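**Student:**
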Amino acid sequence: MKRAPYSHAPETSGKTHWRSLGELHGSEAFAGAAAREFPEGASDAVSGFGRRRFISLMGASLALGGLVGCRRPEETIVPYTRAPEEVIPGRPLYFATALPMLGTSVGLIVESHEGRPTKIEGNPRHPESLGATSAFLQASVLDLYDPDRSDSPQQGSEKRTWDEAAALLRKIGEDAKSKKGKGLVILTEAHRSPTLAGLLGDLRAALPEARVVRYEPLGRDEALEGSRVASGRALETVIDVARARVIISLDADLLVAEGSPLKQARGFAAGRDIEGLGAAGMSRLYAVESAFSITGAAADHRLRLASRLVPRLAFALARELSKLGIELGDLAAAVAATPALDARAERMVKAMAADLAARRGEGLVVAGRGQPAAVHAVVQAINHALGNAGKTVRYVAAFDDSASASGPAKVVELAAAMRSGEVDTLVILGGNPAYDAPADGHFADALGKVKQSIHLATHVDDTSARATWHLNRAHSLESWGDVRSEDGTASIVQPLIAPIFGGRTDCEVVEMLLGRGRKAYELVRATWQTGARALDFDKGFRRALHDGLWADSALPAEDVSPRFADIAKATRALPAPAEGIEVTFNSDPHVLDGRFANNGWLQELPCPMHKLTWGNAAAISPAMAREHGLSDGDVVKLAASGAEIHVPVLIAPGQAEGSIALTLGHGRTHVGRVGKGVGVDVNPLRASTAFNIVTGVVLTKTGEHTQLARTQEHFAMEGRNLAREGTAEEFTKEPGFAKEAPEHPPLLSLWKERSYEGQAWGLNIDLNTCIGCNACVTACQAENNIPIVGAEGVEGTREMHWLRIDRYFTGEEADEPASIAQPTMCSHCENAPCEQVCPVGATTHSPEGLNDMAYNRCIGTRYCANNCPFKVRRFNFLDYTSGITEIGKMQINPDVTVRSRGVMEKCTFCVQRINHAKIDAKKDGQGHVKDGAIVTACQQACPTQAIRFGDLNDVGSKVAKRLQSPRMYRLLEELNIKPRVSYLARIKNPNPALEGA
Amino acid sequence: MSTLSYPHDDPAVRPELLPGKRDFRGITRQVSGIVEAKTPTGWKLAIAFTLSVLMILFGSLFRLVTKGTGVWGLNTTVGWAWDITGFVFWVGIGHAGTLISAILFLFRQKWRTSINRAAEAMTIFAVMSAAIYPVFHVGRVWFAYWLFPVPNQMQVWPNFKSPLFWDVCAVSTYATVSLLFWFVGLVPDLATLRDRADTKTKQIVYGILALGWRGSHRHWLNYEKAYQIFAGLSTPLVLSVHTIVSFDFAVSVVPGWHTTIFPPYFVAGAVFSGFAMVVTLMVMARRFLGLGNLITIHHLENMNKIILATGSIVGYAYGIEFFTAWYSGNPYEKFVFLNRAFGPYSWAYWTMVSCNVIFPQLFWFKKVRTSVPLMFVISILVNIGMWFERFVIVVTSLHRDYLPSSWTYFKPSLFDISTFIGTFGLFFTMLLLFVRYLPMVAIGEVKSILPAADPHAAHDHTEARHES
């Protein structure tokens, strides 16, 4: 055996279950070893891990840490001499944790196979998740196993040990004491970790002159500033979409990108339940936005408006409301003179105002992250005046309000200080400011001027490459921590696996700066072992770990009364919108702000509206394209305030005139092998003074052209009734309107048709609640080991997603399109055309109605895919899976076959989950699997619960009930294929007052 | 039309099949001479070239097998393109051979004797070229044998419902019968070559292949019977192979494929392309092998007439497809045909229409159908057109089917093109080897149509000059 033995764990590692990890940290044997992290020679592993190397490192650190339950070697088949508690090979375990992101967090349940976290699900107990996840959350498990992560601290390009790094940090802390911390700056991401906040508080106490700056490229600084204007306090706005009947979104993509989107999407879905609520009770969503967003696509009325004009519209809304007798105090006078918008917008504003005024206490106005503070303040005033506050909207104390400087302007200030030599030592905890700090700060250059700069990050990224020291950071799935979500609910972040690359957390680094040596686990416990929780703490802590949250930790709602005079002042202070072309900076559906740039699943995830993968593009309106003679993929130069970028354009239906939407996070220079060379960095245009919207942009055609890798190229339904929708009025008149299928001859089969006696699996998708957010697509990818094919593969239309979301643009006016999303996967047709044509019988029907694929029988004629009317079959044209690194293989779901080249694959209805449930049912002596025991990956991730799966023969099952809905229809029924996937038609609730608009 | 230039144009008078004074020995010498002569430089150059092209095929297939089907331009929406286009193209070409040998034989069309051997050889080589595709286009080539009903311990059989399985049976039957038919026809001529052999090697090789043929009456009797039986067996195959090939499409649900007109349309198209290829090759044979006296302008004209007839059938099929699409009221069907004619692949569609419908109509003019250069050009155009016909059927139907979200555009990769070019390398290499080593005109059969062979015709035996 060449491997380091792992069975020689010292006695101290008597606990064999991962939950005892923290307790083990307390052991002396560990304390000594942990300081070194890896045994001799282990921490200087040069670039890249060989398999044996990796295994031996794992074995070695296991032996040291006694973490028998976490990372066990995989290759040798040796039975456990002492089986870890609860671990049964082949049966996954599930643990609750939370994933901090963008200053908030979502509670998760993570699936772990023999110590490897493989799949992330939402925690149904957690108010931000409600059991659902987003595409980003789904994909973050892939980041854990990113082979490009750094495996040790580095000084310049020299590898260092954590011992050395710790010594350095302690020395910095020690040296700073003499100057009371002057010259020491800590730059953090937006965070809501009570432990980190406490430690930074300790730091401030110990070193009063040290500064802490907070920066988040997609932060909510304007919203907080708005509430400061409106109420004198920084407050978080927590919205309850479920209770709202009139929702007005002002440039806010509230279903996927603002605030707490999973909860909001669930709330939105609740308000769309036409069958439960009736046409009168159904909510109505108005979206005013520049770029076509998911929220805009879900809206009943959408107004295309350049983002810079949205403040004017918000003020006009206030004006109209005040005309309708809504009390807005001094604000009424300030907005009375708001210049008129065009007729279309004015008509919409009047309708919105009337709707809001008619349903006081049931309205909700939301302003987007990118809108100026004055708009947020006005929105707060409107919500208050309409009596919505306390009902559909709630305000809670902002986290860590006392914390110092936050926001883009402060980073620019910091950069200036760095340049002038005021900063001796800069400690950057996470983030990537050298890449994403405002352009006017020239942060990357300034970083070079700082004598000592230390960056804690998972990768040697753009910032680490310029810092004097890089410290490798632990992923959230391998670290202890804590976090509050938007409404204050606190969760413990607990590790699923010991740090694969030996990384540390933010808290541990600050702890080292403070000259102390507690581990993250102790720090977290210490934070929560206070007050009432200190009593019987271990029990409470275990409960918090088990549930994934501290019970009753949500913050109380604050009583707010808007200060109309200040708000009025703020509206007057807002400069008039500039003429010309504007550019808006948006979060990227693939890489968010760049943090997921090395994540293949997300890079290849088609953006929800335009189905672009692998990179970003400037979304321009069709009219602008015509004016400048541009077509998709033409590269343009965008110049503003002395900076310019070259970026390909994408002609985006529904994009506002005079507005160009850019997404952040691409074009990073120091990124792993996945993100290398993907997309365009748009940050050069983004200054702190024009952080969200930059106006006066000059667009010039360069004559260059690049190929955009899109998974869908045709967005019109061509008169085919595919994604069906109607209005609430139509539905009331004719509930079965969606059943209308094209005329067809009698549907007879050549073969004797089967009957399904036992269970008959079926799936239903409610288009009324589906928003097309992509969570299901990534969930499917993670569950089913679906490979990525790269930009070239997507350009060649060879993407492998088993589940795709078709996007169609509809509407009579080409420039004012509406849009509908339709998830499409294998329909498991009862008369499956694919099955009849396969020459080798590799795809056959199961007695329960599944269309099964026998991968090892498939020879790859592709006849089945040709004959599939839904085109959901995916062929392994090339070898997409053997290139997975050893470490990447740890993510693979062991329940699902990894497919080789040359075979066909497609949605299996998560047959592995079906079989697990069937085995369990059999064990429990039940003949049938109970409804709800099988949840497909897509269904589980769906924020709006649009997907239902179950037994069609069980009349009581949720899916069978859905089939009773008058909105139910099946695609391409006229082909007599009898699909097992059915849809419910979407119902829109337009305002009769806006008919014809 | 001037009757002066065509003195034998009176339909009431059957023209002589082989004009001029010809005797048995002369024919034997002429045909065997091609095989026995010193290897001409032209042939060496030609085979060097075709072997190079064949190497392209091997290289492309090597790349295909080692790297995966993805080296071709296929995608999720268009799962078949140049591969199945190439397959149907070659199988179609193969049709002329069997039609000439079997159907024309049963109809006693004696003019076939000059061209049947070469046409049959062409059939076999075309089927070989075609077979490349079904074998190599699959994702896991090493398991392609699973397409055959190979008995195995797991009792796993092919899916008998699948048209692709029918196709495997039809094509392999066709290939087997064609090969046997061709070989049976060759036996007497191989014996001739054996008897004329000037080296030991030739004697042994031709001797083995001649199966002990001695030319006895019993032999001839058996031979004629066997030939007749094979003709009978082959005749339905001519119709069945392309019918079943068309089932690959017609049995599917893809709009543009799912059409009842396909079987006759495909058979007509196959005969059309096959004859065009025979004309191309025969024109070359006349030019380079000096067979103008055996393969006369009359033969060529007859073939051009068949091209004209089948071309018109094909043209009619194109038209009726549009009518059916409109008349069916099926929106998908309607869209497919409009998309063919006016969509992104309209260039391919109109190439097909002009090559297959417009140019062959020039054969209404006797001047055109008896002009060697013109028929050479038109025959090549027909084959280009027929390749496009299959491309149009395969690709334009697939690239935009039911759900517009999956619509895409297929672009061939370098390896699509090189593989297809490579199959020409295989075809022409085999053909060159054939003309060099085997009698490319059926000696025995041509003799049978000479006046000397007609017991009722006035002739003397000196004229016949029987050899051996």
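Residue numbers (the working numbering), protein chains in the order written: chain A, 33 to 1029; chain B, 117 to 584.
Even glycine gets a Cβ: it sits at the ideal position worked out from N, Cα and C.
Source: prediction; values computed, not measured.
1. Span of the beta strand (DSSP E) holding Asp983 (chain A)?
2. Report the residues of the region 768-786 of chain A with a CB closer than 9 Å to any CB of chain B, ordered along the chain.
3. So with Cβ pairs under 7 Å, would you call Trp463 (chain B) a contact of chain A?
4. Run through the DSSP bridge pairs and tell me what Tyr1015 (chain A) is partnered with.
5. At a CB distance below 8 Å, what residues from the region 172-183 of chain A approach chain B? Give them in sequence order.
6. In terms of residues, what are the limits of the alpha helix (DSSP H) holding Ser878 (chain A)?
7. Can you name, in chain order, every residue of its own chain whose Cβ lies under 8 Å from the Cβ of Tyr986 (chain A), other than the five neighbours on each side?
8. Alpha carbons only, please: which of B:Phe223, B:Arg506, B:Val562 is nearest the one belonging to Phe382 (chain B)?
9. So for Lys669 (chain A), helix, strand or coil by DSSP?
10. Count the other C-beta atoms from every protein chain shown that fall within 10 angstroms of the C-beta of Lys1020 (chain A), then say buried if there are 16 or more, exposed otherwise.
11. Within 10 angstroms of its Cβ, does Pro855 (chain A) collect 16 or more other Cβ (buried), or is it exposed?
12. How many Å lie between Ser230 (chain B) and Gly892 (chain A) at the Cα?
13. May I ask you to list, following chain order, the residues of the region 501-517 of chain B that have a beta carbon less than 7 Å from some beta carbon of chain A?
14. Mind checking the region 174-190 of chain B against chain A and listing, in chain order, the residues whose C-beta falls within less than 9 Å of any C-beta there?
15. Starting from Glu268 (chain A), follow its DSSP beta bridges and name the residues at the other end.
16. May I have a chain-ordered list of the alpha helix (DSSP H) segments no shorter than 4 residues that lie completely inside the region 364-399 of chain A?
17. Which bits of chain B does Met749 (chain A) rub up against, with CB to CB less than 8 Å?
18. Do the region 359-370 of chain B and the region 180-193 of chain B meet, that is, are 3 or more Cβ pairs less than 8 Å apart?
19. Could you confirm whether any beta carbon from chain A is found closer than 7 Å to the beta carbon of Pro594 (chain B)?
20. Quick one: what's Asn504 (chain A) bridged to in DSSP?
21. Hey, quick one: how far does the alpha helix (DSSP H) through Asn898 (chain A) stretch, first residue to last?
22. Can you tell me the Cβ-Cβ gap for Arg310 (chain B) and Gly331 (chain B), rounded? I've got them flagged as a contact below 8 Å.
23. What residue does the alpha helix (DSSP H) around Leu140 (chain A) start on, and which one ends it?
24. Report the option in B:Phe264, B:Ala313, B:Lys277 whose CA atom is closest to the CA atom of Thr289 (chain B).
25. Take Ile326 (chain A) as the anchor and find which of A:Leu250, A:Ile924, A:Ala284, A:Trp793 has the nearest alpha-carbon.
26. Over what stretch of residues does the alpha helix (DSSP H) that includes Ala284 (chain A) continue unbroken?
27. Would you report the Cα separation of Glu1027 (chain A) and Thr976 (chain A), rounded to the nearest angstrom?
28. Using a Cβ-Cβ distance under 7 Å, would Ser444 (chain B) count as near chain A?
29. For the region 531-560 of chain B, which residues have a CB atom closer than 8 Å to at least one CB atom of chain A, in sequence order?
30. Short check: CB of Asn420 (chain B) to CB of Trp227 (chain B), under 7 Å?
31. On the CB-based measure, 16 or more other CB atoms within 10 Å of its CB, does Trp503 (chain B) come out buried or exposed?
32. Could you tell me which uninterrupted alpha helix (DSSP H) segments, each at least 4 residues in length, are contained entirely in the region 766-822 of chain A, listed from first to last along the chain?
33. If you compare alpha carbons, which of A:Ala602, A:Ser166, A:Asp178 is closest to Phe347 (chain A)?
34. For Ser495 (chain B), is the classification buried or exposed, using 16 other Cβ atoms within 10 angstroms of its Cβ as the cut-off for buried?
35. Hey, Val425 (chain A) and Ile271 (chain A): beta-carbon distance below 7 Å or not?
36. Would Phe259 (chain B) pass as an interface residue toward chain A - the criterion being a Cβ-Cβ separation below 7 Å?
**Tutor:** So, to answer that:
1. Sequence index remark: in the first sequence, residue 983 (chain A) carries index 951 (1-based). That run of the beta strand (DSSP E) goes 979-983.
2. Pro774, Glu775, His776, Leu782, Trp783
3. As a working mapping, residue 463 (chain B) is identified with position 347 in the second sequence. Answer no: the Cβ-Cβ gap between Trp463 (chain B) and chain A never drops below 7 Å.
4. Mapped onto the first sequence, residue 1015 (chain A) falls at position 983. In DSSP, Tyr1015 (chain A) forms a bridge with A:Ile797, A:Tyr1001.
5. none
6. Against the first sequence, residue 878 (chain A) aligns to sequence position 846. Looking at the DSSP string, Ser878 (chain A) is not in any alpha helix (DSSP H), and its letter there is neither H nor E.
7. Taking the first residue of the first sequence as position 1, residue 986 (chain A) is located at position 954. The question names Tyr, but residue 986 (chain A) is Asp in the sequence shown. Cβ neighbours of Asp986 (chain A) beyond the five flanking positions: Gln791, His960, Asp963, Ala992.
8. Stepping through the second sequence from its first residue, residue 382 (chain B) is reached at position 266. If we check each option's Cα against that of Phe382 (chain B), B:Arg506 comes out closest.
9. Taking the first residue of the first sequence as 1, we reach residue 669 (chain A) at position 637. The answer is strand: DSSP assigns Lys669 (chain A) an E or B state.
10. Locating residue 1020 (chain A) in the first sequence gives position 988, where the first residue counts as 1. That one is buried.
11. Along the first sequence, read from residue 1 onward, the residue named residue 855 (chain A) stands at position 823. When all chains shown are included, Pro855 (chain A) counts as buried.
12. In the second sequence, counting from the first residue as 1, residue 230 (chain B) sits at position 114. In the first sequence, counting from the first residue as 1, residue 892 (chain A) sits at position 860. Taking the straight line from one Cα to the other gives about 43 Å.
13. Leu514, Asp517
14. Lys183, Gly184, Thr185, Gly186, Val187, Trp188, Gly189, Leu190
15. The residue given as residue 268 (chain A) occupies position 236 in the first sequence. In DSSP, Glu268 (chain A) forms a bridge with A:Val428.
16. 375-390
17. Counting from one through the first sequence, the residue named residue 749 (chain A) turns up at place 717. Ordered by position in chain B, the residues that pass the 8 Å Cβ test against Met749 (chain A) are Pro520.
18. no
19. Look at the range of chain B in this structure, 117 to 584, and you will see that residue 594 (chain B) is not part of it.
20. As a first step, residue 504 (chain A) must be located in the first sequence, where it is residue number 472. Its beta-bridge partners are A:Ala489.
21. The count along the first sequence starts at 1 and reaches residue 898 (chain A) at position 866. Unbroken alpha helix (DSSP H) run through Asn898 (chain A): 895-898.
22. Start at 1 with the first residue of the second sequence, and residue 310 (chain B) comes out as number 194. Start at 1 with the first residue of the second sequence, and residue 331 (chain B) comes out as number 215. Not confirmed; about 11 Å, so no contact.
23. Taking the first residue of the first sequence as 1, we reach residue 140 (chain A) at position 108. Run containing Leu140 (chain A): none in the alpha helix (DSSP H); it sits in the beta strand (DSSP E), 136-145.
24. Against the second sequence, residue 289 (chain B) aligns to sequence position 173. The candidate whose alpha carbon is nearest that of Thr289 (chain B) is B:Phe264.
25. Here residue 326 (chain A) refers to the residue found at position 294 of the first sequence. The shortest C-alpha separation from Ile326 (chain A) is found at A:Ala284.
26. Here residue 284 (chain A) is taken as the residue at index 252 of the first sequence, counted from 1. Where Ala284 (chain A) is concerned, there is no enclosing alpha helix (DSSP H), given that its DSSP letter is neither H nor E.
27. Start at 1 with the first residue of the first sequence, and residue 1027 (chain A) comes out as number 995. Start at 1 with the first residue of the first sequence, and residue 976 (chain A) comes out as number 944. Whole-angstrom Cα-Cα distance: 28 Å.
28. As a first step, residue 444 (chain B) must be located in the second sequence, where it is residue number 328. No, no contact with chain A.
29. none
30. Locating residue 420 (chain B) in the second sequence gives position 304, where the first residue counts as 1. Locating residue 227 (chain B) in the second sequence gives position 111, where the first residue counts as 1. Not closer than 7 Å, so no.
31. Here residue 503 (chain B) corresponds to residue number 387 of the second sequence, with the count starting at 1. Its Cβ being crowded by 16 or more others within 10 Å, Trp503 (chain B) is buried.
32. 807-815
33. The residue labelled residue 347 (chain A) in the question sits at position 315 within the first sequence. If we check each option's Cα against that of Phe347 (chain A), A:Ala602 comes out closest.
34. Stepping through the second sequence from its first residue, residue 495 (chain B) is reached at position 379. Under this definition Ser495 (chain B) is a buried residue.
35. As a working note, residue 425 (chain A) is residue 393 in the first sequence. As a working note, residue 271 (chain A) is residue 239 in the first sequence. Cβ distance < 7 Å, so Val425 (chain A) and Ile271 (chain A) count as in contact.
36. Working through the second sequence from its first residue, we reach residue 259 (chain B) at position 143. Chain A contact via Cβ: present.
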